[in-house]
Each structure stands twice: as structure tokens, then as C-alpha cells.
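Chemist: Every letter in the sequence shown is one number past the one before it in the working numbering, and letter 115, counting from 1, is 708.
Each residue gets a CB set at the ideal place from its N, CA and C atoms; glycine is no exception.
Keep in mind it's a predicted model, so treat the numbers as computed, not measured.
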Amino acid sequence: MPVLQLDTRREAMVNEDAPISLDLSKLIQSGIKTYFNNPSLSDLTLVCPDGRALHCHSVILAAASRRLAAALKQGNWSPGQQMPVKGVDSEALETLIAAFYTAECPLELERLPALYDAAVKLEVPSLVPALEHILVSALQPSNCCQLLEGCLGAGAGQLTDLALEWIRGRVADVVPSPEFRSCRFEVAVVVCKDLAQRSQLVGLQAAVSWLSASAARSSLAGVFAEATGLAVEAIHAVAA
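(1) Suppose you measure from the CA of residue 812 to the CA of residue 784; what does that come to, to the nearest Å?
(2) Give the list of continuous alpha helix (DSSP H) stretches no shorter than 4 residues that lie fully inside the segment 795-824.
(3) Got a sec? Which residues, its chain only, sit under 7 Å from residue 657 by beta carbon, not counting five neighbours each side?
(4) According to DSSP, is residue 675 part of a helix, a strand, or is it coil?
(5) Look at residue 708 and residue 695 and say whether their C-beta atoms are less than 8 Å apart.
(6) Taking buried to mean at least 16 other C-beta atoms within 10 Å of its own C-beta, is residue 819 buried or exposed?
(7) According to DSSP, simplified to helix, strand and coil, what is residue 784?
(8) Check whether the Cβ atoms of residue 681 and residue 662 lie closer than 8 Å to each other.
(9) Give me the Cβ distance between residue 764 and residue 794, rounded to the nearest whole Å; I'm assuming they're in contact under 8 Å.
(10) With DSSP run on the structure shown, which of helix, strand or coil describes residue 627?
(11) For the candidate residues 674, 703, 646 and 806, whose alpha-carbon lies nearest to that of residue 686?
(12) Taking the C-alpha atoms as reference points, what is the distance between residue 639 and residue 650?
(13) Going straight from the alpha carbon of residue 749 to that of residue 801, what length do you get?
(14) Going straight from the alpha carbon of residue 769 to that of residue 799, what length do you get?
(15) From residue 714 to residue 665, what does the alpha carbon distance come to, in whole angstroms?
(16) Tell me which residue opens and which closes the alpha helix (DSSP H) that residue 726 is part of.
(17) Below 8 Å on the Cβ atoms is my guess for residue 728 versus residue 740; work out the distance and round it to an integer in Å.
(18) In its own chain, which residues sit with a C-beta less than 8 Å from the C-beta of residue 828, not counting the 5 before and 5 after it?
(19) Can you tell which of 700, 775, 780 and 791 has its C-alpha closest to the C-alpha of residue 809?
(20) Does DSSP classify residue 649 as helix, strand or coil?
What follows is the structure, encoded as C-alpha cells:
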């Protein structure tokens with residue numbers, strides 16, 4: 594058995610009884626960084642939905658993710674085996690796992706919903722509220738519909754609610770904006786339906802704003818009304 598022999602000599606210290614505390618977090622983190630997706634000492638390989646493999650260390654995963662910790666503690670895995678991960682965006686998953694090792698999380702706004710979805714599903718509690726705060730801080734009339742579309746596409750329910758809440762609070766700026774008037778049908782439906790639940794008139798005004806942005810949309814009034822729950826007659830009345 595190999596033995597690690599360390600120097601047993603101790604340098605004399607002034608006032609040896611005085612409590613001393615050193616913050617070694619940066620030192621430790623700098624060492625951990627080198628092991629991200631590194632086969633060295635890896636005892637587990639995560640397989641992303643798109644097939645990419647990430648060489649991982651179970652203790653790092655368990656320390657950062659409650660969901661992974663629970664899966665690993667079940668004991669139905671053995672060192673060296675692969676663990677496929679389904680139901681998340683592969684790029685977001687790799688970004689999240691990298692953050693476990695580097696303590697850094699590079700972020701682009703358009704990628705935030707997918708990363709948030711992965712953080713929620715893997716139960717990374719420290720990251721979830723931080724991403725929510727970033728989203729709300731970044732929302733503007735010029736980007737809110739695009740970000741909302743990303744939240745809807747990622748199935749990030751809480752982020753979707755936060756984006757809709759922000760839009761409700763700034764409806765006078767959002768509804769007439771080019772961003773809203775040019776957004777996709779599905780996004781406009783969600784916005785108008787949400788606004789109508791608080792104020793039927795505001796929901797109708799938003800519907801008229803979106804439908805009137807293009808002559809080609811005049812034929813969509815009936816379909817749009819059905820999707821939003823608004824009366825097509827009321828839409829025409831507000832538009833008149």
C-alpha cells in the first residue's frame with residue numbers, strides 16, 4: 594500500500610493558541626477547475642441528450658445538485674458507468690456542469706431560459722434565484738417578447754410568469770412597441786390572454802395592436818380570438 598509521508602516538523606509560531614482561519618476557497622476552486630470533463634480520477638460519465646459525454650466526479654455533482662445527489666445516493670450505479678440525462682438542453686447542461694467545477698457561469702440572455710430549466714430540474718438552488726433576478730433586470734420593451742418566447746420554449750414556467758408580470762406592469766410601453774407587434778403568434782396569444790385575465794379591455798387593445806401590425810393578419814382575427822378567449826366581435830369593436 595503506498596504511503597504518503599509528510600514532513601512532521603512544525604515551525605514555531607508566535608502565540609500558537611491564537612485562532613487562525615484561512616480562506617482557501619479560491620485555491621481549492623482553482624484546482625477543481627482542471628478536472629472539468631477530465632477523465633483523470635473521473636468516476637462517472639454524464640451523457641447529454643445530444644450524445645456528448647462529460648467526464649465527471651460524483652462528489653462534485655452531489656455537492657452542487659440535489660437531484661444528482663439523490664440519484665447517486667440510491668446506489669444503483671457503479672464507478673465508471675455512464676448516466677444518460679434526458680429532458681434538458683444539452684448546451685445548458687454542459688454549461689451548468691462546468692459551473693460546478695469552475696464556479697463561473699457564462700451567460701447569454703437568449704440561453705438563460707434553457708439554463709434555468711436545467712438548474713431547476715437538477716435542483717441547483719443557489720443558481721435558480723440568481724437567474725430569475727438576471728432575467729427581470731434585463732427585461733425591456735425591446736426584448737421582452739423574445740425572452741418570453743425563450744421561456745415558453747424551454748418550459749420554464751416560473752420565468753414565464755416573471756416575464757408576463759413584468760409586461761403587465763409596463764403594458765403601455767410594450768403593447769405599441771415594434772417588439773410586441775412583430776412577435777410570433779404564440780407569444781402574442783400568451784401575452785393577450787394574460788392581460789385579458791386582469792383587464793378585458795387591455796387584452797383587447799393588445800390583440801388589436803398585434804393584429805393591425807400587418808395586413809396579412811386581418812384573416813387571423815377569428816383564430817386569434819379563439820386562442821386567447823377574446824370575442825372576435827369585441828376585437829373588431831376596439832379596432833374600429
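Modeler: According to the structure data:
(1) Counted from its first residue, the sequence shown places residue 812 at position 219. Counted from its first residue, the sequence shown places residue 784 at position 191. Near 20 Å, if we compare the C-alpha coordinates of residue 784 and residue 812.
(2) 814-821
(3) Mapped onto the sequence shown, residue 657 falls at position 64. Here the set comprises 693 and 717.
(4) Sequence index remark: in the sequence shown, residue 675 carries index 82 (1-based). Residue 675 falls in the strand class under three-state DSSP.
(5) Taking the first residue of the sequence shown as 1, we reach residue 708 at position 115. Taking the first residue of the sequence shown as 1, we reach residue 695 at position 102. Going by C-beta atoms, residue 708 is not nearer than 8 Å to residue 695.
(6) The residue you call residue 819 lines up with position 226 of the sequence shown. Exposed, since its Cβ has fewer than 16 Cβ neighbours within 10 Å.
(7) The residue labelled residue 784 in the question sits at position 191 within the sequence shown. Here residue 784 sits in helix by DSSP.
(8) By one-based count along the sequence shown, residue 681 stands at place 88. By one-based count along the sequence shown, residue 662 stands at place 69. No, they are not a contact pair.
(9) In the sequence shown, counting from the first residue as 1, residue 764 sits at position 171. In the sequence shown, counting from the first residue as 1, residue 794 sits at position 201. No, residue 764 and residue 794 are not in contact; Cβ-Cβ is about 11 Å, not under 8 Å.
(10) Against the sequence shown, residue 627 aligns to sequence position 34. In the structure shown, residue 627 sits in coil (DSSP, three-state: anything other than H, G, I, E or B).
(11) For this step, residue 686 is matched to residue 93 along the sequence shown. Residue 686 has its Cα closest to that of 646, out of 674, 703, 646 and 806.
(12) Taking the first residue of the sequence shown as position 1, residue 639 is located at position 46. Taking the first residue of the sequence shown as position 1, residue 650 is located at position 57. Computed Cα separation, rounded: 10 Å.
(13) Indexing the sequence shown from 1 puts residue 749 at position 156. Indexing the sequence shown from 1 puts residue 801 at position 208. Whole-angstrom Cα-Cα distance: 28 Å.
(14) The count along the sequence shown starts at 1 and reaches residue 769 at position 176. The count along the sequence shown starts at 1 and reaches residue 799 at position 206. Taking the straight line joining both Cα atoms gives about 8 Å.
(15) Translated into positions along the sequence shown, residue 714 becomes position 121. Translated into positions along the sequence shown, residue 665 becomes position 72. The straight-line gap from Cα to Cα measures roughly 15 Å.
(16) Your numbering for residue 726 matches position 133 in the sequence shown. First-last of the alpha helix (DSSP H) with residue 726: 721-731.
(17) Here residue 728 refers to the residue found at position 135 when the sequence shown is read from its first residue. Here residue 740 refers to the residue found at position 147 when the sequence shown is read from its first residue. About 7 Å separates the two Cβ atoms, so the contact holds.
(18) Working through the sequence shown from its first residue, we reach residue 828 at position 235. The answer, listed in chain order, is 797, 800, 801, 804, 814, 817 and 818.
(19) Here residue 809 refers to the residue found at position 216 when the sequence shown is read from its first residue. The option with the nearest alpha carbon to residue 809 is 775.
(20) Here the question's residue 649 lines up with position 56 in the sequence shown. Residue 649: strand per DSSP, three-state reduction.
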